[in-house]
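A quick write-up on the structure given underneath.
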Amino acid sequence: MALSFRTIQDKSLSNGASFTFDFGDTIQQFIVGPAYFKLSYGEDHNYEFSKMALTLANSQTGTSVQTSVTAILEDDDHSINLGESYISLSAIGVVGSGRDYTVQLGTQPNVPSGATETRICDNASPTVQNYAVMMSGFSMAYSTEIHRFWSAKTVLTSSDKQDDGLYASITGYCKNDDNAETDENSFNLIGLTTAAASKDQKEPLLLLIKRWKGQSSSGNVSIDFSNELESGYVIDKALVFISDFSVYYGDRTGSTDHEITGIGAGCKTWTGPGQKTVTLTQPHAFVWQTGFGDDKQDDSNSYVELLIVVTQRLP
């Protein structure tokens with residue numbers, strides 16, 4: 006058994022929005038999730054809001070997984086411009102022959118907002134050392150009418166239960182400044198647990214995981230793994246996943262209600278292999294409208310929470 010990391014970074018959704026991850030060997034388990042998304046009506050358009058959604062549909066064939074992306078941003082008369090919408094994806098595959106329980110991956114679709122204690126995957130064995138839950142998709146919508154837009158917010162928490170598995174709770178919604186919240190909210194979740202490769206825990210951990218939460222719309226962020234890496238080791242592969250995000254318009258004109266040109270969150274690109282740090286390119290959550298005011302997110306109230314997953318090797 007081996008771990009295989011794959012990624013696509015900052016790709017347009019205009020050409021069919023289908024991406025292939027070739028893991029190079031027989032796939033036992035896999036997960037795919039966004040590191041970054043941008044949904045836009047188009048740079049010269051701003052409209053009201055009825056629904057935003059991002060869905061990944063995966064199909065496995067041989068050594069490959071094909072991921073089709075469905076992106077929605079709409080009101081009652083207008084829809085998303087896929088040519089000005091983008092995504093970055095991260096994928097983990099457990100590949101090869103033989104059964105190995107040191108990594109367990111799982112997917113749980115259509116989890117409603119407010120759901121607690123949703124089981125995501127089994128525990129790795131013999132003893133879980135690291136675990137993480139991430140969003141692989143979302144849908145937040147008004148069922149009956151359109152609204153102007155103030156904010157979007159998701160909150161994802163996870164817990165690992167010994168001898169039972171990995172669990173998660175999530176809430177999420179969009180709203181305007183009259184607190185009219187979207188009433189149809191659901192999420193697709195992915196998760197992983199990892200254990201030491203031997204009972205005496207003398208072998209290096211297969212996966213190292215760190216969490217970053219913040220807003221850096223104009224600068225890069227370095228995630229230091231020096232304390233987590235084995236002595237003398239460096240990062241081999243690095244992936245980034247969105248855990249959750251929160252984005253608010255600022256109160257520039259006395260009203261927080263706005264229309265939307267585009268919205269998104271995450272980290273477009275990153276580097277790390279061969280180093281002891283992963284450098285994230287401007288990780289943040291964002292929303293904006295063109296035209297009146299050219300308003301955008303309030304950075305003091307907006308953030309994205311990312312999970313950075315790496316493997317390690319000797320240089």
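The sequence shown begins at 6 in the numbering used here and counts up by one.
For every residue, glycine included, the Cβ atom is placed at its ideal position computed from N, Cα and C.
Taking all protein chains shown into account, do 16 or more other C-beta atoms lie within 10 angstroms of the C-beta of Lys-62, making it buried, or fewer, making it exposed? For the purposes of this step, residue 62 is taken as residue 57 along the sequence shown, with counting starting at 1. Residue identity check: residue 62 is Ala in the sequence provided, not Lys. By the neighbour-count criterion, in which a residue is buried when 16 or more other Cβ atoms sit within 10 angstroms of its Cβ, Ala-62 is exposed.
Through-space distance from Thr-198 to Asn-135, alpha-carbon basis: Taking the sequence shown and counting its residues from 1, one reaches residue 135 at position 130. Taking the sequence shown and counting its residues from 1, one reaches residue 198 at position 193. The alpha-carbon atoms of Asn-135 and Thr-198 are separated by roughly 6 Å.
Is Asp-188 buried or exposed, if buried means 16 or more other CB atoms sit within 10 Å of its CB? As a working note, residue 188 is residue 183 in the sequence shown. Asp-188 should be labelled exposed.
Beta carbon of Ser-144, beta carbon of Ile-195: below 8 Å? In the sequence shown, counting from the first residue as 1, residue 144 sits at position 139. In the sequence shown, counting from the first residue as 1, residue 195 sits at position 190. Against a cut-off of 8 Å, the Cβ pair of Ile-195 and Ser-144 comes out as no contact.
Determine the DSSP secondary structure at Gly-88, reduced to helix, strand or coil. The sequence position of residue 88 within the sequence shown is 83, counting from 1. Reduced to three states, the DSSP call for Gly-88 is helix.
Could you compute how far the alpha carbon of Asn-193 sits from the alpha carbon of Pro-114? Numbered from 1 along the sequence shown, position 188 holds the residue referred to as residue 193. Numbered from 1 along the sequence shown, position 109 holds the residue referred to as residue 114. Looking at the backbone, the Cα of Asn-193 and that of Pro-114 are separated by about 4 Å.
Specify the secondary structure class of Asp-49 as computed by DSSP and reduced to three states. Position 44 of the sequence shown, counted from the first residue, corresponds to residue 49. Here Asp-49 sits in coil by DSSP.
Taking 6 Å as the limit between beta carbons, can you name the residues of its chain near Leu-171, skipping five residues before and five after? Position 166 of the sequence shown, counting from 1, holds the residue named residue 171. Result list for Leu-171: Ile-125, Cys-126, Tyr-136, Asp-165, Gly-196 and Thr-198, in chain order.
Report buried or exposed for Glu-150, applying the criterion of at least 16 other Cβ atoms within 10 angstroms of its Cβ. Against the sequence shown, residue 150 aligns to sequence position 145. Under this definition Glu-150 is an exposed residue.
What are the start and end residues of the beta strand (DSSP E) that includes Tyr-253? Reading the sequence shown from its first residue, position 248 is the one you call residue 253. Here the beta strand (DSSP E) through Tyr-253 covers 239-253.
Are the CB atoms of Ser-55 and Asp-81 within a distance shorter than 8 Å? Along the sequence shown, read from residue 1 onward, the residue named residue 81 stands at position 76. Along the sequence shown, read from residue 1 onward, the residue named residue 55 stands at position 50. Yes. Within cutoff.
Shortest alpha-carbon distance to Gly-21 belongs to which of Val-226, Gly-88 and Val-108? Start at 1 with the first residue of the sequence shown, and residue 21 comes out as number 16. When each option's Cα is compared against that of Gly-21, the closest is Gly-88.
Determine, using beta carbons only, whether Asn-86 and Ile-265 come nearer to each other than 8 Å. Position 81 of the sequence shown, counted from the first residue, corresponds to residue 86. Position 260 of the sequence shown, counted from the first residue, corresponds to residue 265. No, they are not a contact pair.
Through-space distance from Thr-286 to Thr-159, alpha-carbon basis: Within the sequence shown, the letter at position 154 stands for residue 159. Within the sequence shown, the letter at position 281 stands for residue 286. Spanning the two alpha carbons is a distance of roughly 22 Å.
Say whether chain B places a C-beta atom closer than 8 Å to the C-beta of Leu-171. The displayed structure is made up of one protein chain only, and chain B is not part of it.
Who pairs with Met-6 in a beta bridge, going by DSSP? Translated into the one-based positions of the sequence shown, residue 6 becomes position 1. Paired residues: none, contrary to the question.
Please name the residue or residues paired with Phe-26 in a DSSP beta bridge. The residue you call residue 26 lines up with position 21 of the sequence shown. Phe-26 pairs with Val-70.
Under DSSP, the beta strand (DSSP E) around Phe-143 begins and ends at which residues? As a first step, residue 143 must be located in the sequence shown, where it is residue number 138. Start and end: 133-146.
Can you tell me whether Asp-249 is buried or exposed, with buried defined as 16 or more other CB within 10 angstroms of its CB? In the sequence shown, residue 249 corresponds to position 244, counting from 1. Asp-249 is buried by the Cβ-count criterion.
Locate the beta strand (DSSP E) running through Ser-227, then write down its first and last residues. One-based indexing of the sequence shown puts residue 227 at position 222. Here the beta strand (DSSP E) through Ser-227 covers 226-229.
Backbone secondary structure at Asp-165 - three-state DSSP: Here the question's residue 165 lines up with position 160 in the sequence shown. In the structure shown, Asp-165 sits in a strand (DSSP, three-state: E or B).
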